[in-house]
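See below for the structure under consideration.
2 protein chains.
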Amino acid sequence: MPDGDSITGGGEHEFLKNLCARLQSENPPASGEVGPGDDGAVFATSAGSLVATTDSLVENVHFREGWLSAEELGLRAMAANLSDLAAMGATPSKILLSLILPETTSEETTEALTMAVAQEARRQGATLAGGNLSRGSELSITITALGVLEQPPLLRSGASRDELLVVTGSLGDAALAVHLWESGETPDPPLRERFARPKARLRAGSVLARAGATAAIDISDGLVADLGHLCRASGIGAIVERESLPRSQAVDRRDAMGSDFAANGGEDYEVLFTLPQSLDKDLAKLAGQCGISLSVIGKTTDQPEAITLSDAQGNPHPLSRSGFDHFGSKS
Amino acid sequence: MPDGDSITGGGEHEFLKNLCARLQSENPPASGEVGPGDDGAVFATSAGSLVATTDSLVENVHFREGWLSAEELGLRAMAANLSDLAAMGATPSKILLSLILPETTSEETTEALTMAVAQEARRQGATLAGGNLSRGSELSITITALGVLEQPPLLRSGASRDELLVVTGSLGDAALAVHLWESGETPDPPLRERFARPKARLRAGSVLARAGATAAIDISDGLVADLGHLCRASGIGAIVERESLPRSQAVDRRDAMGSDFAANGGEDYEVLFTLPQSLDKDLAKLAGQCGISLSVIGKTTDQPEAITLSDAQGNPHPLSRSGFDHFGSKS
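Protein chains in written order, with the working numbering: chain A, 1 to 331; chain B, 332 to 662.
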């Protein structure tokens, strides 16, 4: 399933991988289509290819009461889905919104959340086409996003050896905000914003897909974990230079003291791309077109599934547990 | 929103109607498209029109632990969505499945539920294209179904005065099954089946759309409530003959003693159509093509929103609360 990997830890990745494999083998996707197991599903219409993805935001799993306003709940749920479209190189088209709301949720909250989704859809050139409201004991927001492709989709499986690993924006801010909340502290507004109003990298997805990116994945489960999925799907390995991960000052300070918010935190809705080395010289120009910084963080190797995080001296860096882990299962 | 009316009671219908109106006015659907407020959203592609709908099944709101097997959870969640496609006259194409599962849910349950959805999709000519798994304290199943239209969609707003009100199958069985469970009794297998393995009336939807039906609505919130939505959308009224509602023996026995499972129960995933009177003579033939019985239960009138349930003597029948109501908010 597109976002099946959002349940981390335990044997669940393995279980989901097997479930996707069973679904694919019992019902192989038609030529030009992509079934469960990538950031989004792809299916052909005579008008071109559509991408569909779905993702949920669940109270006490993905956020806690009081962290986010109603508007921000809508924006974060949208970003989770739009980021999957970005990682396929797709442009959003239609949005469906399923809300499960406790009886204590006010009509004002419901309306503010819904209008935030509708307005964000419109900002991205899409439409909130429909949805559903149900009662439940626990607030959850499930969005299905449909996107259109103007070029072949960026899959997890398209990377080869000796390509550049490139990430958008900066990593670790949202996970650090969660860590601070969970520690009883209040994140600074800029840090809080990265969790509460994340920006999906839609322009980067379509610009880099057209420029020749070979693969991409939404890294909201954490860079190292999601890079692992890309490597498995592509049958390659990777070396990531820990020092080259793009960080805000706040994350830099923590990671310098031994944390791994940038490598391990996730939650930022940045996207990882693989690019042929020939595009290295064009990166600054491409970043301008994407409207977001692009950082080379390492390269792919021919060693299947071997992922190394190297420190400043080039030695393997043992990954620390990020502050986020004690929030429990992330997704 | 397509299924926004699934929260019944209180001022919620009014709230949802206003929310849909606000969404529609801030972002009017393009020509040939249908926005929030019908059974499904319709949008145009150059390959034809697609219909999208989404619906959730939430534990302790739509079912209780022990009522349904994992497979049946998948089948009932599918029926809820396919029934909305049926009521638009659409044919299922792609399915997305979002599961929110407590940690206590076994991998076997997750797999059985997912495979039931995939297999039901395939039986209906569709594909489980993707999905998402999240943790949560409460089990819920949210499905998004995409369908294709081979003719203009059947909307709630298309009915005129003096048309036939026609329903598929029989009414009240699923609500009676719920009533029995909630009363500590065990429904007979045939009754239980109507709740656990409901059949969406997809063939009826496409056959009657082609035959000239003017409007349709999924009546899983109860015949009278959903007929109200159709009448409001079409600016008409309706008279329903209580005696002519199609019932199983079990429901007939209860309703003869004063219950209104058939008129009020819902949960069956039958569909209500309006047909021009000229089709009356063709009903038996059409029922054969639909593969399900079709019953004329009354007619539309020119009195906006006036809905009358008439008894055997032609007098207005005051609706009793069905056994289902004490299950709380249905949706």
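All C-beta atoms, glycine included, are put in the ideal place defined by N, C-alpha and C.
The model shown is predicted, which means the values in this text are computed figures rather than measured ones.
In chain B, which residues lie less than 7 Å from F15 of chain A when you measure between Cβ atoms?
Correct list: E438.
Less than 8 Å between the CB atoms is what I'm expecting for L459 of chain B and A449 of chain B, so what's the real figure, rounded?
With a Cβ gap of about 4 Å, L459 of chain B and A449 of chain B count as contacting.
Is the distance from the Cβ of G89 of chain A to the Cβ of L149 of chain A below 8 Å?
It is a contact, given that the beta carbons lie within the stated cut-off.
Taking contact to mean at least 3 C-beta pairs separated by less than 8 Å, is the region 625 to 639 of chain B in contact with the region 491 to 505 of chain B?
These segments touch.
For G597 of chain B, count neighbouring C-beta atoms within 10 Å of its own C-beta (all shown protein chains included) and say buried if the count is 16 or more, exposed if not.
The residue is buried, with at least 16 neighbouring Cβ atoms inside 10 Å.
Hey, does F604 of chain B have any beta-carbon neighbour from chain A nearer than 8 Å?
Not an interface residue.
Where does R201 of chain A fall in DSSP's three states?
Three-state result, R201 of chain A: coil.
With 9 Å as the C-beta to C-beta threshold (strictly closer), list the residues of the region 106 to 136 of chain A near chain B in chain order.
Listed by position, the residues of the region 106 to 136 of chain A near chain B (Cβ gap below 9 Å) are E107, T110, E111, T114, M115, A118, Q119, A121, R122, T127, L128, A129, G130, G131, N132, L133, S134, R135 and G136.
Report, in whole angstroms, the separation of the C-beta atoms of A569 of chain B and L485 of chain B, which I expect to be a contact under 8 Å.
Wrong, their Cβ atoms sit about 17 Å apart, outside the cutoff.
Checking contacts by CB at 8 Å: is E402 of chain B closer than that to chain A?
Closer than 8 Å: no.
Excluding the 5 residues flanking L625 of chain B on each side, which residues of the same chain have their C-beta closer than 7 Å to its C-beta?
V497, T499, L614, L617 and A618.
For L413 of chain B, go through chain A and note every residue whose CB falls closer than 9 Å to its CB, in chain order.
Within chain A, no residue comes near L413 of chain B; the closest Cβ sits about 14 Å away, beyond 9 Å.
Would you mind giving the Cβ-Cβ distance between S471 of chain B and I100 of chain A, rounded to the nearest angstrom? I have them listed as a contact below 8 Å.
Confirmed, about 6 Å.
Using a Cβ cut-off of 8 Å (strictly closer), state whether V58 of chain A contacts chain B.
Chain B contact via Cβ: present.
Quick one: give me the first and last residue of the beta strand (DSSP E) that E572 of chain B is part of.
Here the beta strand (DSSP E) through E572 of chain B covers G568 to E572.
Distance, Cα to Cα, A406 of chain B vs E451 of chain B?
Position check: residue 406 of chain B holds Leu in this sequence, whereas Ala was assumed. Using only the alpha carbons, I get a separation of about 7 Å.
Who are the neighbours of V61 of chain A on chain B, taking C-beta pairs under 8 Å?
What V61 of chain A touches in chain B: S465, R466 and G467.
How many whole angstroms separate the CB atoms of T144 of chain A and T384 of chain B, which I take to be in contact at a CB cut-off of 8 Å?
So it is not a contact: roughly 10 Å between Cβ atoms.
Under DSSP, the alpha helix (DSSP H) around L603 of chain B begins and ends at which residues?
Counting along the chain, L603 of chain B falls outside any alpha helix (DSSP H), though it belongs to the beta strand (DSSP E) covering V602 to L606.
At a CB distance below 8 Å, what residues from the region 346 to 361 of chain B approach chain A? Give them in sequence order.
The region 346 to 361 of chain B vs chain A, Cβ under 8 Å: F346, L347, L350, R353, L354, E357, N358 and P360.
According to DSSP, is A145 of chain A helix, strand or coil?
Correct three-state label for A145 of chain A: strand.
Per DSSP, R466 of chain B is paired with what?
In DSSP, R466 of chain B forms a bridge with B:L432.
Might you give, ordered along the chain, the residues of its own chain that have their beta carbon closer than 6 Å to the beta carbon of T308 of chain A, omitting 5 neighbours on each side?
Around T308 of chain A: I239 and P316.
Alpha carbon to alpha carbon, what distance is there between F63 of chain A and S329 of chain A?
Below a pLDDT of 50, predicted positions are generally treated as unreliable, and S329 of chain A, at 38, falls in that range; the measurement from the model is reported next regardless. Their backbone Cα atoms lie some 11 Å apart in a straight line.
Measuring only the C-alpha atoms, how far is G478 of chain B from Q249 of chain A?
The straight-line gap from Cα to Cα measures roughly 49 Å.
Within 10 angstroms of the Cβ of D5 of chain A, are there 16 or more other Cβ atoms? Answer buried if so, exposed if not.
Confidence in D5 of chain A is poor, its pLDDT being 33 and thus under 50, which makes the residue's placement too unreliable to answer from.
What do you get for N18 of chain A, buried or exposed, if any count of 16 or more other CB atoms within 10 angstroms of its CB means buried?
It counts as exposed.
What is the rounded straight-line gap between the Cα of D583 of chain B and the Cα of R573 of chain B?
The straight-line gap from Cα to Cα measures roughly 11 Å.
According to DSSP, is F327 of chain A part of a helix, a strand, or is it coil?
For F327 of chain A, the pLDDT reaches just 46, beneath the cut-off of 50, and the residue's location in the model is therefore unreliable, leaving the point undetermined.
Name the chain A residues whose beta carbon is nearer than 7 Å to that of I472 of chain B?
Chain A residues near I472 of chain B: none, gap ~10 Å exceeds 7 Å.
Looking at A44 of chain A: is its Cβ nearer than 8 Å to the Cβ of G35 of chain A?
No.
Cα separation between E65 of chain A and C351 of chain B?
Cα to Cα, the separation comes out at about 27 Å.
Measuring alpha carbon to alpha carbon, tell me which of B:M409, B:P433 and B:L539 ends up nearest V58 of chain A.
Selected option, being the one with the closest Cα: B:P433.
Within 10 Å of its beta-carbon, does Q482 of chain B have 16 or more other beta-carbons around it, so buried, or fewer, so exposed?
Looking at its Cβ environment, which holds fewer than 16 other Cβ atoms inside 10 Å, Q482 of chain B is exposed.
CA-CA distance, S429 of chain B and T473 of chain B?
Going by the C-alpha atoms only, they are around 5 Å apart.
Would you call Q124 of chain A buried or exposed, if buried means 16 or more other Cβ atoms sit within 10 Å of its Cβ?
Q124 of chain A comes out buried.
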